[in-house]
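*Asks:* Counting in this note's numbering, the sequence shown runs from 26 upward without gaps.
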Amino acid sequence: MELVEARLTVLVDNASTFIDGRITEYGFSMLIEARLDNGDSTLILMDTGQTGRPLLHNLELEGVSPKEIDYLVFSHRHSDHTGGLRRFLEARKGKPVPVIAHTSLFEPSFAIVNDRLYEIGMPISREEAEKLGARFILTSRPLNIVPGVTFSGEVPSRWGPRHTKLVYRVSDDGGLIEDDMRDDAFLALTIGSEAYIITGCGHAGVENILGYAAEITGKKIAGLMGGLHLYGITKDREEEIIESLRQHPLKILAGMHCTGPFIQKRLRDEFPKAYKLIMTGGKIRLPL
26 MELVEARLTV
36 LVDNASTFID
46 GRITEYGFSM
56 LIEARLDNGD
66 STLILMDTGQ
76 TGRPLLHNLE
86 LEGVSPKEID
96 YLVFSHRHSD
106 HTGGLRRFLE
116 ARKGKPVPVI
126 AHTSLFEPSF
136 AIVNDRLYEI
146 GMPISREEAE
156 KLGARFILTS
166 RPLNIVPGVT
176 FSGEVPSRWG
186 PRHTKLVYRV
196 SDDGGLIEDD
206 MRDDAFLALT
216 IGSEAYIITG
226 CGHAGVENIL
236 GYAAEITGKK
246 IAGLMGGLHL
256 YGITKDREEE
266 IIESLRQHPL
276 KILAGMHCTG
286 PFIQKRLRDE
296 FPKAYKLIMT
306 GGKIRLPL
């Protein structure tokens, strides 16, 4: 069996398109309908946003019940991606759902913003989530969910730097150290000779994501969509990222969520045919 089509709907992003009734919040969630050549269709939810309220509201507007979701995938453990888990599970009324994520999903995570410390990790314990129906599949290695849909697992840093500014974890001796976000993962959708990549925040770094995606799929990278964590990067770093993107035959480039507003014009100018501005309510049909 092969993946022949994927229909993507952005359920949560920092901003919203002019679509009646959609609500949003700071965070990310995307619905992926994966269609196979035998007629089978699978619904995959990537991330849940920060609270779950926009997620459930916008799912209802799409005519999709939370009970219809076949798999939930987490890009990483930060609460603007995992915070809606409790509400999502409660809305399923006890119906079990596989939850795919990195092995570090439940490790504590912190941010320091304006000299204040914030806890930004998964806001529900594993035990609580399992009581509500979560069935965790935690792995640091690539995992094929259905034909043509691959969870990356841990992304190595062989191609460039990671984007981990201002986030921290607990060290072995109990102190706070910079978090290199080894749990940051992506989804790769492989259709024919092309792979389309969906990120949550892109903490692993654009070069590493693209390099590893090409390695694990063996395909040319035709799309990069989702959070890229480019807010506040230096001009030198911006040039490195643009050059990295140029190495791939991108048909779609859509930086959402934490990509930041300032680099959007540069992405549009450098990749006018591939660039798309997509927010809550936006839809993408693959392949292009």
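Backbone N, C-alpha and C define an ideal beta-carbon position, used for all residues, glycine too.
1. From the DSSP secondary-structure annotation, give me the bridge partner or partners of A299.
2. Hey, how far is the Cα of K298 from the Cα of L275?
3. On the DSSP letters alone, give me the boundaries of the alpha helix (DSSP H) that K260 sits inside.
4. Using DSSP with H/G/I as helix, E/B as strand and the rest coil, what is K308?
5. Reducing DSSP to helix, strand and coil, say where V37 ends up.
6. Find the nearest neighbour of E124 within the set I170, S134, V138, P133, judged by alpha-carbon distance.
7. Below 8 Å between beta carbons: does that hold for D209 and H101?
8. From the DSSP output, in three-state form, read off F43 for me.
9. Around the Cβ of N39, are there at least 16 other Cβ atoms within 10 angstroms (buried) or fewer (exposed)?
10. With a threshold of 16 other CB atoms inside 10 Å of the CB of E240, please say whether the residue is buried or exposed.
11. Contact defined as beta carbons within less than 8 Å: I believe L311 pairs with I216. What is the distance between those atoms, to the nearest angstrom?
12. Measure how close the beta-carbons of Y256 and C283 come, nearest whole angstrom, since I'm counting them as under 8 Å.
13. Enumerated in chain order, which unbroken segments of the beta strand (DSSP E) with a length of 3 residues or greater are wholly contained in the segment 37 to 102?
14. Grab the span of the alpha helix (DSSP H) containing L253 for me, first residue to last.
15. Could you give the residue range of the beta strand (DSSP E) that holds R160?
16. Tell me whether the beta-carbon of R28 lies closer than 8 Å to the beta-carbon of G173.
17. Assuming contact is defined by CB atoms lying nearer than 8 Å, are V138 and L191 in contact in what I supplied?
18. The alpha helix (DSSP H) spanning S107 covers which residue range?
19. Can you find the residues in the same chain that come closer than 7 Å, C-beta to C-beta, to P186, ignoring five residues on each side of it along the sequence?
20. Using CA coordinates, which residue listed in E144, K118, T305, E87 is at the minimum distance from G158?
21. Going by C-alpha distance, which of H103, F131, R271 is nearest G227?
22. Just to confirm the assignment, what range does the beta strand (DSSP E) spanning G280 have?
23. For the candidate residues K120, R160, T49, S129, whose alpha-carbon lies nearest to that of L86?
24. At the level of alpha carbons, what is the spacing between F161 and P91?
25. Helix or strand or just coil, what does DSSP make of T224?
26. Could you check the C-alpha separation between E295 and V35 for me, to the nearest Å?
27. Would L223 pass as a contact of A238 if the rule is Cβ separation under 8 Å?
28. Return the first residue and the last residue of the beta strand (DSSP E) that R194 is part of.
*Replies:* Walking through what the data contain:
1. On the sequence shown, residue 299 is found 274 positions in, with the first residue counted as 1. Bridge partners of A299: none, in fact.
2. Residue 298 sits at position 273 when you count from the first residue of the sequence shown. Residue 275 sits at position 250 when you count from the first residue of the sequence shown. Cα-Cα distance, rounded: 9 Å.
3. In the sequence shown, residue 260 corresponds to position 235, counting from 1. Segment 260 to 271, the alpha helix (DSSP H) holding K260.
4. As a first step, residue 308 must be located in the sequence shown, where it is residue number 283. Here K308 sits in strand by DSSP.
5. Taking the first residue of the sequence shown as position 1, residue 37 is located at position 12. V37 falls in the strand class under three-state DSSP.
6. For the purposes of this step, residue 124 is taken as residue 99 along the sequence shown, with counting starting at 1. Per the sequence shown, the amino acid found at residue 124 is Val instead of Glu. Minimum Cα distance to V124 is reached at I170.
7. The residue you call residue 209 lines up with position 184 of the sequence shown. The residue you call residue 101 lines up with position 76 of the sequence shown. Yes, the pair counts as a contact, with Cβ atoms nearer than the cut-off.
8. As a working note, residue 43 is residue 18 in the sequence shown. Looking at F43 - three-state DSSP - the assignment turns out to be coil, as it is neither helix nor strand.
9. Here residue 39 corresponds to residue number 14 of the sequence shown, with the count starting at 1. By the neighbour-count rule (16 or more Cβ atoms within 10 Å), N39 is buried.
10. The count along the sequence shown starts at 1 and reaches residue 240 at position 215. Exposed is the call here.
11. By one-based count along the sequence shown, residue 311 stands at place 286. By one-based count along the sequence shown, residue 216 stands at place 191. The Cβ separation is near 6 Å, so the contact holds.
12. On the sequence shown, residue 256 is found 231 positions in, with the first residue counted as 1. On the sequence shown, residue 283 is found 258 positions in, with the first residue counted as 1. Indeed they touch by this definition, with Cβ atoms about 6 Å apart.
13. Complete beta strand (DSSP E) runs here, min 3: 54 to 61, 66 to 71, 96 to 98.
14. Here residue 253 corresponds to residue number 228 of the sequence shown, with the count starting at 1. Careful: L253 lies outside any alpha helix (DSSP H) and carries neither H nor E.
15. Within the sequence shown, numbered from 1, the residue matching residue 160 stands at position 135. Unbroken beta strand (DSSP E) run through R160: 159 to 163.
16. Numbered from 1 along the sequence shown, position 3 holds the residue referred to as residue 28. Numbered from 1 along the sequence shown, position 148 holds the residue referred to as residue 173. First, the amino acid is wrong: residue 28 is Leu here, not Arg. Yes; because the gap between Cβ atoms is below 8 Å, this pair is in contact.
17. In the sequence shown, the residue the question calls residue 138 occupies position 113. In the sequence shown, the residue the question calls residue 191 occupies position 166. Contact flag set, yes.
18. Start at 1 with the first residue of the sequence shown, and residue 107 comes out as number 82. Looking at the sequence shown, residue 107 is not Ser but Thr. Unbroken alpha helix (DSSP H) run through T107: 104 to 107.
19. Looking up residue 186 in the sequence shown gives position 161. Excluding sequence neighbours, P186 sits near G230.
20. Reading the sequence shown from its first residue, position 133 is the one you call residue 158. Comparing Cα positions, the closest option is K118.
21. Taking the sequence shown and counting its residues from 1, the one referred to as residue 227 is at position 202. Closest by C-alpha distance to G227, out of H103, F131, R271, is H103.
22. The count along the sequence shown starts at 1 and reaches residue 280 at position 255. Start and end: 277 to 281.
23. Along the sequence shown, one-based indexing puts residue 86 at 61. L86 has its Cα closest to that of T49, out of K120, R160, T49, S129.
24. The sequence position of residue 161 within the sequence shown is 136, counting from 1. The sequence position of residue 91 within the sequence shown is 66, counting from 1. Computed Cα separation, rounded: 17 Å.
25. As a first step, residue 224 is located in the sequence shown; it is residue number 199 there, counting from the start. Strand at T224.
26. Residue 295 sits at position 270 when you count from the first residue of the sequence shown. Residue 35 sits at position 10 when you count from the first residue of the sequence shown. Their Cα atoms are separated by approximately 24 Å.
27. Looking up residue 223 in the sequence shown gives position 198. Looking up residue 238 in the sequence shown gives position 213. The question names Leu, yet the displayed sequence has Ile at residue 223. The answer is no: Cβ separation not under 8 Å.
28. Translated into positions along the sequence shown, residue 194 becomes position 169. First-last of the beta strand (DSSP E) with R194: 192 to 195.
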